[in-house]
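Protein sequence lines correspond, in order, to chains A and B.
When we follow the working numbering, the leftmost residue of the first sequence carries the number -11, and every step to the right adds one.
When we follow the working numbering, the leftmost residue of the second sequence carries the number 154, and every step to the right adds one.
To start, the structure itself, in structure tokens.
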Amino acid sequence: MNRGGSPLIAFFKYLTLIVGVLAALVPITVVLFTSLKTPDENAHTSALVAPDNWLNFVNYKRAIVEGHMLTGFINTLIILVISLAGAILFATMISYILDRFNFRGKKLMLNMFVLAVLMPGVIMQVSIFQIINHLGLFNTRASAIVLYVGTDIIAVYIFLQFLRTISTELDESAMLDGASYLTIFFRIILPLLRPAIATVVILKGTGIYNDFYIPFLYMPKEGLNVMSTALYKFKGPYVSQWEVICAAIIVCIIPTLIAFLALQKHIYNGFTQGSVK
Amino acid sequence: MSNPITQQQISRTFAFSNLSYKTQRLVIIVGFSLIPILLLLTFAYLPLYNLIRDSFYNWNGVRTRKFIGFDNYAAIISDPKYFSVFKISLYYFLSSFIQLGLALYFATVLTFRVRGKNFFKGFLFFPSLLNGVAIGFIFLYFFKPDGTLDAILKLFGLGDYVQLWIGNQNIVNWSLAGSSIWRYMGTNFVIFLGAIQSVSSDIYEAAEIDGANKWHMFRHIIMPSIRRIVELNVILSVSGSIQVFDIPFIMTKGSNGTTTFVIQTVDTAFKFSKFGLASALGVVLLIIVVIVTLVQNKLFGDKEGVI
């Protein structure tokens, strides 16, 4: 390995890589340790010491039950699935007509999507709040869903870029066969957009799973908590029970870990392609 | 867009020779744009209009609005406390250079032959996938008295250096900015790695055969190929550090001198019910973000050209 490099450089290279991995890993591992400790054990051992009993799931049970984390998971899942389906459908539709047709107002539409990217998300909630209220969506899952679907401009970007690489000759030859535009969209364009859809699912999926402020602001009602807000609720009352908070953190991380292990390659691609919005 | 001529040809075909395609065309343009545009207007442009309008009013969110002209803006400009929070952004801005430097270093190292490449890549990237609240809590535990950091320091016999990492006002913003590095480094790293790997591996092999060392390769092959994406990320970290919200809101709720401009704005609205003033603060931030973006476009030309 490392043809031509001196052993010292190789040593330094692996040393820094290992330090990097430790820096990424230690903060999470310590939380995992603590989540498996009893309150007494946690009070008397260093944070870096592994738990006595690796199968002590008491804190997990408490976290899931007292923190309504199952409800949170289900709510997150409902919002995630509907928002992703809606965002992908609408974003592919608008991208299709913006890329394939010329019509009056097209430039304006494109610019509207481009400019909307600049609006600072959290700040805009100051006035979006009134609109959600007027529409009667406050304290409903629909509030988060319409916001995730409606302000999804990144997806439009990704689809527009990808559509440009799909030759219009495909559309034309389908039209010679008498295919309607709807057929062309659903049978030709949509299947070809699959890699771009995967990118959007990855980026938007992690975005929604990790979003905190929208559910925090619009869905404070009990029973409407998502994973983020369920976890956040541990902050005040459990301040002296870090074992339980740590268990809740791990519960929140596990779905991400599973998704990462299952979809690694797609995730790397998604983040690389989504880098330039 | 890529094929303007072909597109024109298509539309001419519809227009002159095929009436049914013409009707279809109209139906599909209207049908496919109706809902996305309606959503965009309702949740982006109507709020924008309201934000600007409300910034000229005194309004607590419930009772009737009172028009006060530029008073909200005058209040923001005359009271230094509203702009002094931008100092907090500096911590995040400076730390973003460490973040980009680390990302660049790891991306470069992993471009060359390394054992366990995927293992290192996975662990370095994984934190950036995590939930913001989980990260906030992980670092509250990391920095708390007798938490992870203190335990590590004691392990190495550095117990004397233990501090109130969150409690000490002189340190807390560095702690939060550090958490932010941990959270976002992986994203930059994967983006840089992707950009470097878009260079054909033949070039590296050829350079190696020609006797180029690692530094030469970094300097003359890697750096030119990713210069633009690095520069773009530097600019993005400017607008990113102006808009910091999650980490300080979740970890300290902006207490102890950690309030950022965004926290200040949402607090003004949702904690103190001064919606008019909050709207004016929002407009100020929007103007700043637009200026930064204009500078970015000036430096990088067409946004879509940067891939």
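We put the CB at the ideal spot given by N, CA and C, even for glycine.
9 Å Cβ cutoff, residue i in contact with chain B
i	result
A:Tyr48	no
A:Phe147	no
A:Met207	no
A:Val69	no
A:Asn(-10)	Since pLDDT at A:Asn(-10) reaches only 44, below the 50 mark, its modelled position is unreliable, and the value read off the structure follows with that caveat. It does: the Cβ of A:Asn(-10) has a partner Cβ on chain B nearer than 9 Å.
A:Asn198	yes
A:Met81	yes
A:Lys192	no
A:Leu43	no
A:Ile76	no
A:Gly124	no
A:Val53	no
A:Ser228	no
A:Leu24	no
A:Leu65	no
For residue i, the nearest candidate out of the options (CA to CA)
i	options	result
A:Thr4	B:Ala228, B:Tyr258 and B:Ser281	B:Tyr258
B:Phe246	B:Leu283, B:Gly214 and B:Leu329	B:Leu329
B:Leu277	B:Tyr210, B:Ile334 and B:Ile395	B:Ile334
A:Thr17	B:Phe209, B:Phe250, B:Ile305 and B:Asn409	B:Ile305
B:Ser390	B:Tyr210, B:Asp299 and B:Val445	B:Val445
A:Asn127	A:Met207, A:Asp87, A:Gly166 and A:Leu106	A:Met207
B:Ser174	A:Ser168, A:Leu103, A:Val188 and A:Ser34	Looking at the sequence provided, one finds Tyr at residue 174 of chain B rather than Ser. The shortest Cα separation from B:Tyr174 among A:Ser168, A:Leu103, A:Val188 and A:Ser34 belongs to A:Ser168.
B:Arg336	A:Pro(-5), A:Phe0 and A:Ala12	A:Ala12
A:Gly74	A:Ile141, A:Val53 and A:Phe200	A:Ile141
A:Val144	B:Lys427, B:Gly254 and B:Leu193	B:Leu193
B:Leu302	B:Ser281, B:Ser332, B:Arg218 and B:Tyr357	B:Ser332
A:Thr271	A:Asn44, A:Phe21, A:Trp42 and A:Leu43	Residue 271 of chain A is absent from the model: chain A starts at -11 and stops at 265.
B:Phe272	A:Phe259, A:Gln261, A:Lys253 and A:Gly258	A:Lys253
A:Ile238	B:Ile291, B:Ile205 and B:Asn409	B:Ile291
A:Ile185	A:Phe150, A:Phe173 and A:Phe204	A:Phe150
A:Lys223	B:Lys406, B:Arg380 and B:Gln177	B:Lys406
B:Phe181	A:Asn198, A:Arg88, A:Tyr2 and A:Thr260	One detail in the question is off: residue 181 of chain B reads as Ile in this sequence, not Phe. If we check each option's Cα against that of B:Ile181, A:Arg88 comes out closest.
B:Lys297	B:Val315, B:Gly310 and B:Ile375	B:Val315
A:Ser161	A:Arg152, A:Leu148 and A:Ile176	A:Ile176
Cβ of residue i within 9 Å of any chain A Cβ
i	result
B:Val329	Checking the sequence, you will find Leu at residue 329 of chain B rather than Val. So no, B:Leu329 is outside the interface.
B:Val448	no
B:Ala422	yes
B:Thr217	no
B:Ile403	yes
B:Ser335	The sequence shown places Trp at residue 335 of chain B, rather than the Ser named in the question. Yes, because at least one Cβ of chain A sits closer than 9 Å to the Cβ of B:Trp335.
B:Phe169	At B:Phe169 the pLDDT is 34, less than 50, meaning the model places this residue with poor confidence and gives no usable figure here.
B:Asp363	no
B:Val443	yes
B:Ala287	yes
B:Leu461	Examination of residue 461 of chain B is not possible in this model, given that chain B is present from 154 through 460 alone.
B:Lys297	yes
B:Tyr174	yes
B:Lys367	yes
B:Pro377	no
B:Ser155	Only weak support is given to the placement of B:Ser155: the predicted model assigns it a pLDDT of 46, under 50, and the question is left unresolved by the model.
B:Ser316	Note on residue identity: the sequence assigns Gln, not Ser, to residue 316 of chain B. For B:Gln316, the answer is no, since every Cβ of chain A falls outside 9 Å of its Cβ.
Buried or exposed (CB count within 10 angstroms, at least 16 for buried), residue i
i	result
B:Ile322	According to the sequence displayed, residue 322 of chain B carries Gln and not Ile. When all chains shown are included, B:Gln322 counts as exposed.
B:Pro233	exposed
A:His122	exposed
A:Gly55	buried
B:Val325	buried
A:Lys192	buried
A:Pro269	The first residue shown for chain A is -11 and the last is 265, placing residue 269 of chain A beyond what the model contains.
B:Gly222	exposed
A:Thr217	buried
A:Leu135	buried
B:Val215	exposed
A:Pro225	exposed
A:Leu170	exposed
B:Leu212	Checking the sequence shown, residue 212 of chain B turns out to be Trp, not Leu. Per the 10 Å Cβ criterion, buried.
B:Ala348	buried
A:Asp40	exposed
Heavy atom of the ligand MN within 8 Å of residue i beta-carbon
i	result
B:Pro377	Questions concerning the ligand MN fall outside what the structure shown contains, since it holds no ligand whatsoever.
CB contact below 9 Å: residue i versus chain E
i	result
B:Arg178	Looking at the structure shown, chain E is missing, and the protein chains on hand are A and B.
Would you mind listing the alpha helix (DSSP H) stretches within the segment 380 to 416 of chain B that are 4+ residues and don't spill past its ends, in chain order? 399 to 404
What runs of the alpha helix (DSSP H), each 4 residues or longer, lie entirely inside the segment 204 to 237 of chain A? Qualifying alpha helix (DSSP H) stretches, in chain order: 215 to 220.
Every unbroken alpha helix (DSSP H) within the segment 98 to 138 of chain A, with a cutoff of 4 residues, ordered by chain: For the segment 98 to 138 of chain A, whole alpha helix (DSSP H) runs of length 4 or above, ordered along the chain, are 109 to 122 and 129 to 138.
Are there three or more Cβ pairs, one per stretch, closer than 8 Å when the segment 219 to 238 of chain A is compared with the segment 25 to 43 of chain A? yes
Unbroken stretches of the alpha helix (DSSP H), 4 residues or longer, contained in the segment 233 to 306 of chain B: 233 to 237, 239 to 262, 270 to 278 and 285 to 296
Complete alpha helix (DSSP H) runs within the segment -2 to 38 of chain A (minimum length 4 residues, chain order): 27 to 32
Using 8 Å as the Cβ pair cut-off and three pairs as the minimum, do the segment 227 to 244 of chain B and the segment 397 to 417 of chain B touch? yes
Under 8 Å: do the segment 375 to 389 of chain B and the segment 195 to 213 of chain B share three or more Cβ pairs, one atom per stretch? no
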